[in-house]
Structure formats: C-alpha cells, structure tokens
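S.K.: Position 208 of the sequence shown, counting from 1, maps to 245 under the numbering used here, and the rest follow consecutively.
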Amino acid sequence: MAKARVAVLISGRGSNMAALVYAARREDCPFEIVLVASNDPEAAGLKLAAAEGIQTFAKSHKGIPRAEFDAVITGEIKRAKADFVALAGYMRLLSAEFTSAWAGRAINIHPSLLPRYKGLHTHEAALMAGDKVAGCSVHIVTAELDDGPVLGQTEVAILPGDTPETLADRVLIAEHQLYSRVLADFVTRDSRPEAMLENLRERALAFPAAYEKLSHGMPVFGVEGGKMFAYFTRDHHGDGITAVLVKISGIEEQAMLIENDPARYYRPAYFGDSWIGVRLDLGDTDWDHIGDWVRKSWMLAAPSKVRKAFDLADEF
Ligand code: GRF
C-alpha cells in the first residue's frame, strides 16, 4: 500500500521531527516525511532534515499577516503532495483558514497531559501544581490552541527535585516514542477494516428498508421484504482481503469488470454470476464509487414497491 505523505512543521530544534523521520525509515511504516517546513529559517531542525535528504522550506513569518503566511505554507504542503500535516514544535498560532483546510488531517504534539496545561510552560505548571505525573499528548489540530481530540498520551513520573528542564528532558523521550506511533495509527485509520465497515454501514443503512445482520460471521446488508445487497468480507477463509460484495447484472458485467481492473474486482467464491467483489484494501478506495455500487445493488435487491417509492423520491 502507498505510504501516506506527511509534511512536518517546525520552529526550532526539531527533535520530534527527527523521531518521525527515523520512524519512517522502517519499511513497514505507513507514512513518509515529504516536507519539513519552518517559519524560522534558522530552525536547527531544517539542517537535519536537509541532511537526511528531505525537502525543506523556510520562510520567516515576520511582517506577514497570519492567514497570508499560512496560505504560503499550505501552498508548499500541497506542492509536496502531502496528505497530512504533523506539527512538531511549530510555534505559530494557526489561522482559521489553515485549520479548516487541514481539518482532520493535521495533528500536533504537546508536552502535557491534555486537557491540562495548554500553551507554553507546561512543565512549570505541572511542578507548581504538585502533580505526581506529567506527560505528553498528540491531538488533532482544531481552531483552538492545543484543544482538538486527543489521539494518544504517555504519562511520565515527576521525580523529587525535578526542575522544568529535567522533567522536559524525560517528557521529550516519551514524545519521541509516542508521536510516530500515533501518526502511524492516524494515517491508517480510514484503511482499517473497522473503519471501512463503518463507512459501508453508513451508506448501506441510508437506503430505505435496509437492515444489517450477520451471516457466517460476515456483516451483510439486506432490504426488508427483498434480498441481500452488500456483504462485507474481511479475511474470509484467511484470504487477507477486505472487500464489499455487491449485486450486478450478471456474468457479462462480472467478466468485464474483472478484465478491466483485475486488481480491484473479483468473482466471489460461492456467490455465482450476479455478484462482484470490490476490494476496499488497495489504498485508493473511491467511497463515492462504492456508494454507487451499493445503490445499484440495493436497486436489484429491493422489492419493486420499495424501489418504485425510492425512484420517485429520487426524482424530486
Ligand atoms: C516539544 O516539547 C513539543 O511537544 C512542543 O515543542 C517541543 C518541540 O521540541 N510542542 P522539538 O523541536 O521537537 O525538539
């Protein structure tokens, strides 16, 4: 499967960025770092990224309106064809334009156990409060600073005599471990079978009279008074495949689909000529297209009364 392309934004040392870069070296890492960008041309992390052969971009934000500067950064991220953004010590408040452009595709690492201690000086705050544990969090970036849904956290014990610096050093170790793990989960979340089933379920159950049941351990969607119209298959008999099986017109359509795109379409064993298997695990699933398949299949499975009512509703 193609690796997710990630742009990392930094402002300084860039040790979290480096941790992501080295995690991405593993062959089975689901992401690659395609750009390291900074709002500070002096950021030490830029040199490291360049030395590791990663494309870099730097431009000082000074004197440039926030949204305008963020548009430059977005332009660079898009030019690098990155799908995701990882903030790693990026010391700029983000514009609403930026957070909405990357909504659901940008994450940040923060050195506290959120929701405690947003913003700066988190370690001082934890020590002042007399906390027993500090830690770090990775969260989805939203319009509010350090506020989006938390995806992962690591607790770090506070030791007697800890200073903000000694604590920061240990939390940083935890950060380096946490970030790549959470990023890997984040970029693969839509391609996990559970997420695919959820996506399929939402589409299938949106049709009139649709219901779900289990058949031989397989989630299947049917129409009341009619037939089954979509099966979700996952590693059936250990075949390692995640796919949806939908009804089609017959053997000719089946043969044509398989001939045109043999990687995606297959004849499902024991289902006969009027079903086609559509793989969901190739990393490039067009879910609207899957929705069209499910719709056609529902049409073939629905009793004519239900279908006619739906046809009519559809015309308006
Ligand atoms: C880290 O502590 C990170 O959690 C915070 O800024 C620091 C950046 O360090 N957002 P580095 O540049 O990744 O070394």
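The C-beta atom is built at its ideal place from N, Cα and C for all residues, glycine as well. Just so we're clear, the structure is a prediction, and the values are computed from it rather than from any experiment.
Have a look at Ile13 and Pro201 and give me their C-alpha separation to the nearest angstrom.
M.R.: A question about residue 13 goes unanswered here, because the residues of the chain that appear run from 38 up to 353.
S.K.: So the beta strand (DSSP E) Glu69 belongs to, where does it begin and stop?
M.R.: The residue you call residue 69 lines up with position 32 of the sequence shown. Glu69 -> beta strand (DSSP E) spans 68–75.
S.K.: Step through the CB atoms of chain D and report whether any lies within less than 9 Å of the CB of Ala81.
M.R.: In the structure shown, chain D cannot be found, because there is only a single protein chain.
S.K.: Which term fits Ser75, buried or exposed, when burial requires 16 or more other beta carbons within 10 angstroms of its beta carbon?
M.R.: Reading the sequence shown from its first residue, position 38 is the one you call residue 75. It counts as buried.
S.K.: Is it true that the CB of Leu150 sits closer than 9 Å to the CB of Ser174?
M.R.: By 1-based counting over the sequence shown, the position of residue 174 is 137. By 1-based counting over the sequence shown, the position of residue 150 is 113. Going by C-beta atoms, Ser174 is nearer than 9 Å to Leu150.
S.K.: When you compare only the Cα positions, how much space is there between Leu182 and Ile101?
M.R.: Numbered from its first residue, the sequence shown carries residue 182 at position 145. Numbered from its first residue, the sequence shown carries residue 101 at position 64. Each residue's alpha carbon lies about 20 Å from the other.
S.K.: When you compare the CB positions of Val257 and Val343, do they come within less than 9 Å of one another, or not?
M.R.: The residue labelled residue 257 in the question sits at position 220 within the sequence shown. The residue labelled residue 343 in the question sits at position 306 within the sequence shown. Contact: no.
S.K.: Is Leu251 helix, strand or coil when you go by DSSP?
M.R.: Looking up residue 251 in the sequence shown gives position 214. Looking at Leu251 - three-state DSSP - the assignment turns out to be strand.
S.K.: Let me know the secondary structure DSSP gives Thr191 once reduced to three states.
M.R.: In the sequence shown, counting from the first residue as 1, residue 191 sits at position 154. Correct three-state label for Thr191: strand.
S.K.: In angstroms with no decimal places, state the Cα-to-Cα distance between Phe94 and Glu113.
M.R.: Position 57 of the sequence shown, counted from the first residue, corresponds to residue 94. Position 76 of the sequence shown, counted from the first residue, corresponds to residue 113. Rounded to whole angstroms, Phe94 to Glu113 spans 8 Å at the Cα level.
S.K.: Short check: CB of Lys40 to CB of Ala60, under 9 Å?
M.R.: For the purposes of this step, residue 40 is taken as the residue at position 3 of the sequence shown. For the purposes of this step, residue 60 is taken as the residue at position 23 of the sequence shown. No, Cβ-Cβ distance for Lys40 and Ala60 is not below 9 Å.
S.K.: For Ile47, which residues in the same chain have their Cβ closer than 7 Å to its Cβ, ignoring the five residues on either side in sequence?
M.R.: As a first step, residue 47 must be located in the sequence shown, where it is residue number 10. So the list reads Met54, Val73, Ser75, Ala80, Gly82, Ala125, Gly126, Tyr127, once near-sequence residues are dropped.
S.K.: Just to confirm, does Pro148 get its C-beta within under 8 Å of one of the non-hydrogen atoms of the ligand GRF?
M.R.: Residue numbering aside, residue 148 sits at position 111 when the sequence shown is read from its first letter. Pro148: yes, Cβ under 8 Å from the ligand GRF.
S.K.: Could you give the distance in angstroms between the alpha-carbon of Leu164 and the alpha-carbon of Asp199?
M.R.: Along the sequence shown, one-based indexing puts residue 164 at 127. Along the sequence shown, one-based indexing puts residue 199 at 162. Each residue's Cα considered, the two are about 8 Å apart.
S.K.: Nearest-angstrom Cα distance between Ile288 and Ile146?
M.R.: Position 251 of the sequence shown, counted from the first residue, corresponds to residue 288. Position 109 of the sequence shown, counted from the first residue, corresponds to residue 146. Using only the alpha carbons, I get a separation of about 52 Å.
S.K.: From which residue to which residue does the alpha helix (DSSP H) around Ser217 run?
M.R.: Here residue 217 refers to the residue found at position 180 of the sequence shown. That run of the alpha helix (DSSP H) goes 201–225.
S.K.: Where does Pro237 land, buried or exposed, given buried means 16+ other C-beta within 10 angstroms?
M.R.: Position 200 of the sequence shown holds residue 237. In the sequence as presented, Pro is not what sits at residue 237; that position holds Leu. Buried, because 16 or more other Cβ atoms sit within 10 Å of the Cβ of Leu237.
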